[in-house]
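Each residue of the sequence shown is one higher than the one before, counting from 1 in our numbering.
Heads up, the beta-carbon is just placed ideally off N, CA and C, and yes, glycines get one too.
Bear in mind the structure is a predicted one, so any value in this text is a computation, not a measurement.
Okay, so here's the structure we're looking at.
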Amino acid sequence: MSKRFHLKSVHELSGLRLDQAARQLGQLIAGERQDGQRLALLLQYREEYQTLFLAAAGEGLDPRRWQNYQKFLAKLDEAVDQARALAHSARQRTAAGQQHWIEQRGKVRAFDTLAQRFRARIAYEETRRDQKQADEHTARFVDGARKTE
């Protein structure tokens, strides 16, 4: 008699959901890394442009060039602020994705435990059944041997 684990399909589904959560988490991590690199690049560019501005200001700038530098630095500051916001959002999405993956992994582990307990119970029942059959066979053999004495 072969018993089957009735939650097998739910167990398999939870495994699929864990795989999906892992893929999504990978994408979120990649997006976070990309946003972080973009922010770092903008910060580096802003630093370099600030250095150019200070060097040019040290040599003397006319008001129009001074204003152009200031406007461009302001635009860079806006871009840096936007990149920081994107990086922050990406970190939050990644954290949520990690939490989702952890929850899915917990569900899979719970079903793994249930399946393991089910298999152990079936093995125990089969062992008991086999032992009972062996005991009955031995008892018949002993009874048959007594009758022939």
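Put simply, the backbone Cα of residue 25 is about 14 Å away from that of residue 34. Under the criterion of beta carbons closer than 8 Å, residue 118 and residue 11 do not qualify as touching, at roughly 10 Å. Cβ neighbours of residue 97 within its own chain (closer than 7 Å, five residues either side excluded): 24, 25 and 28. Per the C-alpha coordinates, the member of 107, 134 and 121 positioned closest to residue 16 is 107.
Counted as a single uninterrupted DSSP element, the alpha helix (DSSP H) harbouring residue 11 occupies residues 8-59.
Residue 117 carries a helical assignment under DSSP once its states are collapsed to helix, strand and coil.
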